[in-house]
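Undergrad: Take this structure first; my questions come after.
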Amino acid sequence: MGEFEVHRVRFFGLVPAGVRCLACQPGGARLAVARTNGAVEVYNFAANYFQEKVIPGHETRSVEALCWTAGNRLFGAGLSGDITEYDLAQLCVARSVDGCGGPIWSMAVNSSGTQLAIGCEDGSVKLFQVVPGGIQFERNLDRRKGRILCLSWHPSDSHIAAGSIDILRVFDVSSGQTVQRIMVNYHVQKVKRECIVWSIAFLSSGTVVTSDSFGRVQFWDWEQGTLLESHTVSTSAVLSLAVSEKEDSIIVGTSTGATYQFQLLPVKIGSLEKRWVRTKPFQHHTHDVRAVAHSSTALISGGLDAQLVIRPLMEKVQKKGYDAVLRKFTFPHRRLVSCARKARLLLFQFSQHLELWRLGSTEETGKDGEVLPLCRMPEHLVQLKSKGPEHIYCSCVSPCGSWITYSTASRFHLYRLRYEGNSVSIKKVPKMPKLLLPAYQLQFSSDSSSLFVASAQGSVHVLQLLEPGGCKLLHTLRPPSGSSEAVYLLALSTDGHWLAAVSGDWVIHVYNLKCFKHHCTVPTYNCAVTALAIHPVTNNLVIAYSDQQLFEFSIPEKQYTAWSRTVQKCGLHKVWLERDSPITHITFNPKNPSHILLHDTYMFCVLDKSLPLPDNSALLMNQSTLKQLPETARQRQLHAFKICKKFQPLLFADLLDENCLVVVERPVMDFKTQLPLPIQKKKFGT
């Protein structure tokens with residue numbers, strides 16, 4: 000694998016935002032996730048659950064509910080009182096409409112995806128028609144006192160059930176009148192505290208399912224107004240609830256971090272009578288499970304501990320594959336760290352500020368695995384705050400460390416840094432050229448003379464950096480056939496000759512930067528690109544896809560290389576392909592051109608192209624395990640993949656030079672200590 004001096008960085012103080020709400024796209028192709036900081040993410044089930052789209056948050060925009068409507072349009076609503084439609088091609092807010100009812104606590108879509116119902120602070124339920132280019136207010140339903148915390152349409156679209164404090168109501172959609180009013184605590188003696196109905200579901204049978212702050216899941220006959228079943232699943236609140244498409248399974252989430260599955264099962268074998276039975280408890284979270292969803296093959300939950308958990312329903316999975324793997328996503332599938340190799344600086348991106356750090360150094364040498372003392376400690380040089388409520392989309396520091404740039408939804412900033420002894424001065428570059436904003440990816444050239452800005456509609460802006468601190472727009476690169484999707488990944492060649500750009504339609508375009516012309520398009524592959532990089536010697540483009548496949552494309556020859564064809568012919572190791580974490584960064588070792596360095600959240604790998612590919616009978620072992628084997632056994636395990644799992648969770652890894660590696664970790668327990676204390680569960684014997 001080779002030996003590197005490793006800078007192990009653990010001072011990136013990232014605290015991922017918790018999950019606030021979830022929405023499964025009809026048909027189960029995608030999952031929309033809203034975070035507590037207002038960010039919205041879209042995961043693609045078919046692309047190995049890759050986080051393919053991210054719309055950063057906004058300080059004044061909270062998202063309490065998400066809904067997919069007809070035409071695969073995504074809407075959100077929150078405590079700002081606005082209903083927001085998201086542009087999933089340009090990755091920004093398309094339009095917002097005032098709900099005119101104060102803060103919006105809930106939103107639900109009808110079965111055809113053509114009507115939205117919102118539950119407001121003022122006690123009103125309002126209907127909106129989904130029309131081309133937006134939504135249109137239709138009418139108010141019967142208004143009563145008390146905020147509407149949850150809503151659910153009957154599958155026939157004839158009625159709407161609404162949950163509030165101590166009460167649930169059923170509305171007739173055609174007349175707008177309340178046709179049933181049920182006190183959820185009428186059967187409880189001496190109730191001294193109010194009962195909050197946190198979540199509700201309306202089944203086609205006419206049963207209304209509620210979850211509440213008393214820890215109960217209850218089943219009601221809405222026509223008779225009577226309680227059919229009641230299950231106390233927690234000593235604290237049941238916060239969320241979701242029903243399967245066939246209405247034979249329910250998942251609920253609690254404030255203790257536990258989730259439970261209910262199944263509709265026959266009372267006895269062969270009986271037509273069925274009852275809801277709590278069958279499976281899970282404890283994957285440490286904090287409130289504020290959101291759950293039920294796909295055709297999995298139970299999905301999101302907690303304030305920032306974890307998105309996808310647990311497969313094994314009885315629904317037809318064959319072993321990606322659908323049969325338990326997944327836990329905590330960190331984004333994109334880089335929040337950039338590196339100035341020459342200056343040995345790291346730039347950390349947070350939601351509303353950037354931090355620039357200088358790495359520590361040592362003058363000592365040691366053996367493999369030995370921790371060396373530092374002669375200079377890591378130094379926090381600059382904290383750059385973003386003005387306004389918009390969150391940062393992307394950022395970058397130049398290789399020389401003299402330039403920092405970042406973009407929000409409506410603003411693009413460039414700063415010039417100067418280093419004088421131990422002091423750092425920073426100056427904003429005035430009169431920036433007008434660009435198509437926001438920028439989705441930023442990258443400097445290897446000589447720090449140019450800046451490339453990934454933009455909307457498949458375009459990439461090329462800026463020339465000027466001394467002592469300025470820039471001008473040189474050219475805008477566009478794909479020859481056009482594109483409606485934004486560019487989300489860039490790769491530059493070291494010699495400044497080539498640029499590869501990936502847009503949201505997963506098409507990779509290669510441009511010649513000497514003449515600013517489109518050079519070629521990489522053959523289309525039916526999976527999302529998670530990382531790519533251009534080799535500094537051969538100008539081969541190495542591409543990692545969300546299904547864990549690796550390709551190598553020769554840019555000068557406009558075709559896949561012989562090594563890439565061999566990989567596709569022989570296939571990659573099954574253990575490699577079964578990984579559920581995408582490759583997020585690729586780089587190369589200048590000392591050894593046959594080495595490709597790549598990493599995901601849980602492993603760092605050196606791929607040696609000069610060695611044979613392992614077959615499925617070989618062991619894809621961690622390097623620390625391999626070192627414990629005898630020399631003869633080690634030689635038998637000699638193959639292309641050298642894997643290290645020492646650094647976890649791994650947010651960034653790159654070579655500073657041919658002998659020096661920097662890795663950025665963010666241990667989960669480090670940021671969980673900064674979260675509010677969870678509800679403590681008493682354990683037996685304590």
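Per numbering that gives the first Met the number 0, the very first residue in the sequence shown carries number 0; after that it's consecutive. Beta carbons: idealized from backbone N, C-alpha and C, even for Gly. Nothing here was measured: the structure is a model prediction, and the numbers come from that model.
1. From what residue to what residue does the alpha helix (DSSP H) around residue 563 run?
2. For the alpha helix (DSSP H) holding residue 575, just list the boundary residues, first then last.
3. Within a Cβ cutoff of 6 Å, which residues of the same chain sit near residue 424, ignoring the five residues on either side of it in sequence?
4. How should residue 515 be labelled, buried or exposed, when 16 other C-beta atoms within 10 angstroms of its C-beta is the threshold for buried?
5. Among 381, 421, 378, 359, whose alpha-carbon lies nearest the alpha-carbon of residue 371?
6. Measuring CA to CA, which of 52, 56, 32, 649 is closest to residue 349?
7. Where in the segment 23 to 106 do unbroken runs of the alpha helix (DSSP H), each at least 4 residues long, occur, reported from the N-terminal end onward?
8. Is the beta carbon of residue 227 sitting closer than 8 Å to the one on residue 200?
9. Can you tell me which residues form a DSSP beta bridge with residue 500?
10. Counting Cβ pairs closer than 8 Å, one from the segment 532 to 546 and one from the segment 39 to 56, do we hit at least three?
11. Beta-carbon separation of residue 530 and residue 582 under 8 Å?
12. Determine the direct distance from the alpha carbon of residue 333 to that of residue 460, and round the result to whole angstroms.
13. Could you tell me which of 534, 570, 565, 269 sits nearest to residue 553, measuring between CA atoms?
14. Just mark residue 71 as buried or exposed, buried being the case when its beta carbon has 16 or more other beta carbons within 10 Å.
15. In whole angstroms, what is the alpha-carbon distance linking residue 258 and residue 299?
16. If you scan the segment 387 to 440 from start to end, which runs of the beta strand (DSSP E) of 3 or more residues do you find wholly inside it?
17. Rounded to the nearest angstrom, what separates residue 518 and residue 494 at their Cα positions?
18. Tell me whether residue 671 sits in a helix, a strand or coil according to DSSP, three-state version.
19. Using 8 Å as the cut-off, can you tell me whether the segment 94 to 103 makes contact with the segment 125 to 135, which would need three or more C-beta pairs spanning the two stretches below that distance?
20. In chain order, what residues of the same chain lie with their CB nearer than 6 Å to the CB of residue 373, ignoring the 5 residues before and after it?
21. Looking at C-alpha atoms only, which residue of 443, 422, 45, 410 is the closest neighbour of residue 436?
22. Starting from residue 553, trace the beta strand (DSSP E) in both directions and tell me its first and last residue.
23. State whether the segment 482 to 489 contacts the segment 443 to 453, with contact taken as three or more CB pairs (one from each stretch) at a distance under 8 Å.
24. If you follow the beta strand (DSSP E) that residue 602 is part of, which residue opens it and which one closes it?
25. According to DSSP, is residue 199 part of a helix, a strand, or is it coil?
26. For the ligand FAD, I want to know if residue 481 counts as a neighbour, meaning its beta carbon is within less than 7 Å of at least one of the ligand's heavy atoms.
27. For residue 736 and residue 520, what's the separation of their Cα atoms in angstroms?
28. Can you give me the start and stop residues for the beta strand (DSSP E) that residue 139 sits inside?
29. So within the segment 216 to 248, which uninterrupted beta strand (DSSP E) runs reach at least 3 residues, ignoring any that extend past its ends?
30. Which class does residue 0 belong to by DSSP, given the choice of helix, strand or coil?
31. Thinking C-alpha only, which one of 68, 85, 197, 174 is nearest residue 118?
32. Roughly how many angstroms separate the alpha carbons of residue 33 and residue 392, rounded to a whole number?
33. Apart from the five residues on each side of it in sequence, which residues of its chain come closer than 6 Å, Cβ to Cβ, to residue 357?
34. Since I believe residue 336 is in contact with residue 11 (beta carbons under 8 Å), could you give me their beta-carbon distance rounded to a whole number of angstroms?
35. Going by Cα to Cα distance, which pick from 473, 505, 123, 470 is closest to residue 485?
36. Count the CB pairs spanning the segment 392 to 404 and the segment 73 to 82 that are closer than 8 Å, and state whether there are at least three.
TA: The answer reads as follows:
1. 561 to 569
2. 573 to 576
3. 417
4. exposed
5. 359
6. 56
7. none
8. no
9. 489, 508
10. yes
11. yes
12. 21 Å
13. 534
14. exposed
15. 10 Å
16. 393 to 396, 402 to 406, 411 to 419, 422 to 427
17. 16 Å
18. helix
19. yes
20. 359, 361
21. 410
22. 549 to 553
23. yes
24. Taken as a continuous stretch (DSSP letters only), residue 602 belongs to no beta strand (DSSP E), as it is neither H nor E.
25. strand
26. Judged by which ligands are present, the structure shown has none, so any question about the ligand FAD falls away.
27. The question about residue 736 has no answer, for the chain in this structure spans 0 to 685.
28. 133 to 139
29. 225 to 231, 237 to 242
30. Confidence at residue 0 is low in this model, with a pLDDT of 49, below 50, so the placement of that residue should be treated as unreliable; the coordinate-derived value is given next. Here residue 0 sits in coil by DSSP.
31. 197
32. 16 Å
33. 344, 378, 380
34. 7 Å
35. 505
36. no
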